[in-house]
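Residue numbers (numbering that gives the first Met the number 0): 0 to 178. Just so it is clear, CB atoms sit at the ideal spot from N, CA and C, and this is done for glycine as well. Report on one structure; see the data block that follows.
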Amino acid sequence: MAILGLSLLGYEAPLNDTNIKKVIVYVEIDRCAADAIATTTGVKLGRRSLKFKDYGLMAATFVNLPDGRAFRVAVRDDCREKAVKYAPSVLDRHERETEAYQQMPLSELFTVTVVRVEIPQEDLPGVSCGKIICEQCGTEVRHKRTVEKNGRLLCRVCAGSAYFKTIKPVENLDSLGLI
Ligand SMILES: [Zn+2]
0 MAILGLSLLG YEAPLNDTNI KKVIVYVEID RCAADAIATT TGVKLGRRSL
50 KFKDYGLMAA TFVNLPDGRA FRVAVRDDCR EKAVKYAPSV LDRHERETEA
100 YQQMPLSELF TVTVVRVEIP QEDLPGVSCG KIICEQCGTE VRHKRTVEKN
150 GRLLCRVCAG SAYFKTIKPV ENLDSLGLI
């Protein structure tokens, strides 16, 4: 999937030092495919070149930043069933699929779509859009990730849209002898 995505953009995997700055990959699943795509291409969350969209879909979009070309590569749902046809003698399902996937034509493994991704300026690698101070807790919020609520710019925690619920602060951190 990763090799195909990069190949469609005209790049080899893994991306070299020059090309790594030109590509952004959106992965739509957080299972092992996400790690495999990161490892194979070289894109990284910390470089802002790997974006995670929690869609639960075995798909990823490969975007070429210089000209905006983008291809979404999705794994076909029926590729597992077809694996039997390509490696019928292999009994173990996992081994059979691994063997078959190496023989199957790309069109039986993937659906590829030409797409356009509008990437906001604040999502681009290497771009700093400055910091905004949360008007409630005073924390610096980067990349325009503030939320406007009742006329105030807040971090997502103060805006009430955090993924966690605060129980209590950990006291005496320095005296716990942790590190
Ligand atoms: Zn805040």
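- Message: Alpha carbons only, please: which of HIS93, ASN63 and LYS148 is nearest the one belonging to VAL113?
- Response: Its Cα nearest to that of VAL113, the residue ASN63 stands out among HIS93, ASN63 and LYS148.
- Query: When the Cβ atoms of the region 40 to 48 are set against those of the region 21 to 29, are three or more pairs found closer than 8 Å?
  - Reply: A contact exists between the region 40 to 48 and the region 21 to 29.
- Measure the alpha-carbon distance for GLY9 versus GLY67 and round it to whole angstroms. Taking the straight line joining both Cα atoms gives about 13 Å.
- Item | Contained beta strand (DSSP E) runs [length at least 3] in the region 82 to 156, N- to C-terminal order | The qualifying runs are 109 to 113, 130 to 132, 139 to 141, 146 to 148 and 151 to 153.
- Are the region 93 to 105 and the region 139 to 156 in contact at 8 Å, needing three or more beta carbon pairs? The region 93 to 105 is not in contact with the region 139 to 156.
- Message: For ligand 1, is there any heavy atom lying closer than 7 Å to the beta carbon of VAL146?
- Response: VAL146 Cβ: outside cutoff for every heavy atom of ligand 1.
- Item | Collapsed DSSP secondary structure at ASN243 in the structure displayed | What the structure shows of the chain is the stretch from 0 to 178, and residue 243 is not part of that stretch, so it cannot be assessed.
- Give the single residue among PRO65, CYS31 and ALA59 whose Cα lies nearest to the Cα of ARG75. Ranking the options by Cα distance to ARG75, first place goes to ALA59.
- Query: Just reading off the alpha helix (DSSP H) that LEU49 is part of, what are its end residues?
  - Reply: From DSSP, LEU49 is part of no alpha helix (DSSP H) but of the beta strand (DSSP E) over 49 to 51.
- Can we count LEU153 as close to ligand 1, meaning its CB is less than 7 Å from some heavy atom? Proximity of the beta carbon of LEU153 to ligand 1 is indicated: a heavy atom of the ligand is located closer than 7 Å.
- What is the DSSP secondary structure of ARG79, counted as helix, strand or coil? DSSP places ARG79 in helix when its eight states are reduced to three.
- Item | Environment of GLU117 [buried if 16+ CB atoms lie within 10 Å] | Per the 10 Å Cβ criterion, exposed.
- Quick one: what does DSSP say ILE36 is sitting in, helix, strand or coil? In this structure, ILE36 counts as helix in the three-state DSSP scheme.
- From which residue to which residue does the alpha helix (DSSP H) around ALA58 run? Boundaries for ALA58: no alpha helix (DSSP H) harbours it, while the beta strand (DSSP E) harbouring it runs 58 to 63, taken from the DSSP string.
- Hey, is THR112's beta-carbon within less than 8 Å of any beta-carbon in chain B? As a matter of chain content, chain B is missing from the structure shown, which is built from one protein chain.
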